[in-house]
């Protein structure tokens, strides 16, 4: 099972902001983290991630800088801003509302149709 | 292992080169994506793949470049609008020094052109009172500077620069040496034809890197069209500016009329000649050429109008009233038709097979020719009856020159549609004919006044 494109797109912003709220990161690491978190079910492409990061930067939710961490390549790191944290909080409120409503509608969904997860194409 | 590494770097370099061609992706984006690719490759190598296999897999995972660019374009739509970069791009190999030098030379030439307009005042001539001086000389103020700018850009050979200088000097002689009265027909004729003749000198300077090349001449035709459009746009902007200068200064009780009429307008008009030329050169790759777009739009409309005119002429069987104005009108009509033809040629893919648009052009040219022949017959009748004047002779000569061009173009178009001749034959005919226009303009300027007794 793969998550549909619309759902991926809708959840992309809170996901990226959430990851950056943990620590500063760069594109490839963000993508890998998302893959880990979702067990390979969220199908993210570079074409989704990088334009999204640039948009968040334009909106002031994140800021970027080229940094070289000891022993590694020079990379473009993204860091969440106070504005980004506020946006993340707002998104969490909205998602909580959506998830809460869905849980009300599907009270026994776990019993009726157990979700089996199997790793799809580990993201190496 | 080091060999592997070398191969991998070569592959990265190739990939970078490929991706950099995308206009949607800036240099920093390419670097960011390359870092991503490297991360992917590193992980795959760590998982046990060979470097080249890892590279292939990583590139494949990144997905098609088209899709990637499309996503980038959605976020950065402004990048798809080509911007005029005045002093070299922020990224790319940026030959910045060159375009900055261009800019300064252009500014110097524009200032020179503006100063040339005012220079005659040092010798007691004024714009207001000496129309007989300024009229014939109008082309001599700005065009030498434009030609100079182009020759500088093309690094024209010394011999050719000499020819350019000689031709401009000849123009100055033609404008000023003949004893022409202020209200004579010849003054008006020289005022019209000398700028045309000098424009072809500008053309010589434009093609100075390869004088005989048909392609370069076609480039000059494109240059002319774009230059004209830029000039009109600059003039419109200048008009708005002038309007505001008037309004704001009048509001505080100062009349800027003299300043505008004596300084802003003439100097601005002369400087804009150079600025427009520089813009065409600088933006060649920035904007889609607009002249061919306009011709596409207007060729069907003009064809419809000409055919309607012909049908009406036949149905009502009324004769054409050929006064001198009518002759000039029909000259202009031929010029417009020739322009429509030239600019759609300039944008046509030489290898494309003949299509509906070529047939439309043939219809346009043929209907223009039919109308013109009718007019010409009437006119020659008149001239043999009442004798000739410089105006009539010039108009008639122009008509013949244009008619010859268009008639042969019609034949070549016909052959093209019948697939008997390639398109290049048409292009070569037009570019080979350009000097004929130049020669005719010089003939009117140099020979007509003495021929007609300085009438």
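Residue numbers (this note's numbering), protein chains in the order written: chain A, 1 to 124; chain B, 1 to 455.
Positions of the beta carbon are idealized from the N, C-alpha and C atoms, including for glycine.
Keep in mind it's a predicted model, so treat the numbers as computed, not measured.
Item: Alpha carbon to alpha carbon, what distance is there between residue 302 of chain B and residue 101 of chain B?; Value: 43 angstroms
Item: So with Cβ pairs under 8 angstroms, would you call residue 74 of chain B a contact of chain A?; Value: yes
Item: I think residue 406 of chain B touches residue 369 of chain B, with their Cβ atoms under 8 angstroms apart; what is that distance to the nearest whole Å?; Value: 6 angstroms
Item: Closer than 8 angstroms by C-beta to residue 430 of chain B: which residues in its own chain qualify, once you throw out the five before and the five after it? Chain order, please.; Value: 218, 221, 341, 342, 345, 405, 409
Item: Along chain A, in chain order, which residues have C-beta atoms closer than 7 angstroms to that of residue 32 of chain B?; Value: 27, 50, 76
Item: In the structure shown, what three-state DSSP assignment does residue 78 of chain A receive?; Value: strand
Item: Hey, quick one: how far does the alpha helix (DSSP H) through residue 152 of chain B stretch, first residue to last?; Value: 131-154
Item: If we count Cβ pairs, one from each stretch, closer than 8 angstroms, do we get three or more for the stretch 126-143 of chain B versus the stretch 164-184 of chain B?; Value: yes
Item: Which same chain residues end up closer than 7 angstroms to residue 465 of chain B when comparing Cβ atoms and leaving out the 5 residues on each side of it in sequence?; Value: Since the first residue of chain B shown is 1 and the last is 455, residue 465 of chain B is not available in this structure.
Item: With DSSP as the reference, identify every bridge partner of residue 63 of chain A, one or two as the case may be.; Value: A:79
Item: Please confirm whether residue 23 of chain A has its beta-carbon closer than 8 angstroms to some beta-carbon of chain B.; Value: no
Item: Short of 8 angstroms in beta carbon distance, which residues of its chain neighbour residue 490 of chain B, apart from the five on each side in sequence? Order them along the chain.; Value: The structure shown does not extend to residue 490 of chain B, since chain B is modelled only from 1 to 455, so the question has no answer here.
Item: Per the DSSP calculation, residue 50 of chain A is bridged to which residue(s)?; Value: DSSP output for residue 50 of chain A lists no bridge partner at all.
Item: Per DSSP, which one or two residues make a beta bridge with residue 344 of chain B?; Value: Looking at the DSSP assignment, residue 344 of chain B forms no beta bridge with any residue, so it has no partner.
Item: Using a 10 Å radius around the Cβ and a threshold of 16 neighbouring Cβ atoms, would you call residue 3 of chain A buried or exposed?; Value: exposed
Item: Tell me the DSSP secondary structure of residue 25 of chain A in three-state form.; Value: strand
Item: List the residues of chain A whose Cβ lies closer than 9 angstroms to the Cβ of residue 63 of chain B, in chain order.; Value: 45, 46, 47
Item: Give, in chain order, every residue of the stretch 50-65 of chain A whose Cβ lies closer than 7 angstroms to some Cβ of chain B.; Value: 50, 51, 54, 55
Item: Using the beta-carbon of each residue, which ones in chain A are nearer than 7 angstroms to residue 39 of chain B?; Value: 28
Item: Just the Cα atoms here: how many angstroms apart are residue 50 of chain A and residue 294 of chain B?; Value: 39 angstroms
Item: Let's test the definition: count the other Cβ atoms within 10 Å of the Cβ of residue 184 of chain B and tell me whether it reaches 16, buried, or not, exposed.; Value: buried
Item: Run through chain A and tell me which residues come within less than 7 angstroms of residue 36 of chain B, C-beta to C-beta.; Value: 27, 28, 46
Item: Going along chain B, which residues have a C-beta under 8 angstroms from residue 33 of chain A?; Value: By Cβ distance, chain B contributes nothing, its closest Cβ being about 12 angstroms from residue 33 of chain A, past 8 angstroms.
Item: Please list the partners that residue 73 of chain A has in chain B, where partner means a Cβ-to-Cβ separation under 9 angstroms.; Value: 35, 38, 39
Item: Could you pull out every residue in the same chain whose Cβ sits closer than 7 angstroms to the Cβ of residue 425 of chain B, ignoring the five residues on either side in sequence?; Value: 412
Item: Just the chain A side, please: which residues come within less than 7 angstroms of residue 68 of chain B by C-beta, in chain order?; Value: 46, 47
Item: Among the candidates B:228, B:207, B:257, whose CA atom is the shortest distance from the CA of residue 272 of chain B?; Value: B:228
Item: So residue 438 of chain B and residue 197 of chain B are supposed to be a Cβ contact under 8 angstroms. How far apart are they, rounded?; Value: 6 angstroms
Item: Quick one, which of B:145, B:36, B:61 has its alpha-carbon nearest residue 201 of chain B's?; Value: B:145
Item: In chain order, what residues of the same chain have a beta carbon less than 6 angstroms from the beta carbon of residue 24 of chain A, not counting five sequence neighbours either side?; Value: 77, 79
Item: Based on the DSSP secondary-structure assignment, which residues constitute the bridge partners of residue 68 of chain A?; Value: A:74
Item: How far does the alpha helix (DSSP H) with residue 227 of chain B in it extend, from its first residue to its last?; Value: 214-251
Item: Taking residue 29 of chain B as the query, report the chain A residues whose CB atoms sit under 9 angstroms from its CB, ordered along the chain.; Value: 50, 54
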